[in-house]
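According to the working numbering, the residues represented by the sequence shown are 4 to 149, in order.
For glycine and all other residues, C-beta sits at the position ideal for the given N, C-alpha and C.
First comes the structure, then the notes that go with it.
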Amino acid sequence: MSKSSTSDRRLRAPSLEGILWQLAQVFWVGGLWVFHVGLVPALKVSGLAPLLVQDIAGQIDRWLIGVALLGLLTQLAVLARVDGLAAWWRQFRGQMLLLGFGACIGYYTLRYGISVGERWQMFCFLVLGFSGIVLVAQPVPIRARR
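As structure tokens, this is what we get:
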């Protein structure tokens, strides 16, 4: 009687790094998309004044970018711990994290430093959102068995 190849594999408990990676990702990527795909359209159809909806969205955007920045920093730290600091620019997920980090910095710079139109801020927000979606499709970094 032979065993199947799947019964030989043992389920590994998720590591602390993997849990932190996924938790950070849920908060910042999920928060961005739920807010802009769910909450803002719901506020628009609820009958609130358009200026009020725009003001609410602008106020919450600042906080969402801050949460995204903390989540990105957490994921960068996890990636550096698991695969080394060079993984930030050598691995695709590291490059996506740096792209998202740059989008956060760009958003705050455009909002508080340069004060240009809202279109560039929205561009940074979209870059951040799509880099988050791409990151969700990437595998969680795991430490190789030693």
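Inter-residue Cα distance where the pair is F38 and M99: Translated into positions along the sequence shown, residue 38 becomes position 35. Translated into positions along the sequence shown, residue 99 becomes position 96. Per the coordinates, the alpha-carbon of F38 lies some 21 Å from the alpha-carbon of M99.
I145 in three-state terms, based on DSSP: Along the sequence shown, one-based indexing puts residue 145 at 142. I145 falls in the coil class under three-state DSSP.
4-residue-minimum alpha helix (DSSP H) runs that sit fully inside the stretch 118-142, ordered along the chain: 121-139
W31 - containing alpha helix (DSSP H), residue span: As a first step, residue 31 must be located in the sequence shown, where it is residue number 28. Element bounds for W31: n/a, residue is neither H nor E.
7 Å CB neighbourhood of S18 in its chain, flanking five on each side removed: The count along the sequence shown starts at 1 and reaches residue 18 at position 15. Take S18, set aside five residues on each side of it, and the residues of its chain with a beta-carbon closer than 7 Å to its own are I145, R146, in chain order.
For W123 and V81, believed in contact at Cβ under 8 Å, the rounded distance: In the sequence shown, counting from the first residue as 1, residue 81 sits at position 78. In the sequence shown, counting from the first residue as 1, residue 123 sits at position 120. About 30 Å; that fails the 8 Å criterion.
Residue from G50, L131, S118, V56 with nearest C-alpha to G69: For the purposes of this step, residue 69 is identified with residue 66 of the sequence shown, where counting begins at 1. Selected option, being the one with the closest Cα: L131.
Contacts around L138, its chain only, beta-carbon distance under 8 Å, and the 5 residues preceding and following it disregarded: Position 135 of the sequence shown holds residue 138. Excluding residues within five positions, the ones whose Cβ falls inside 8 Å are Q28, V32, Q78, R96, M99, L100, G103.
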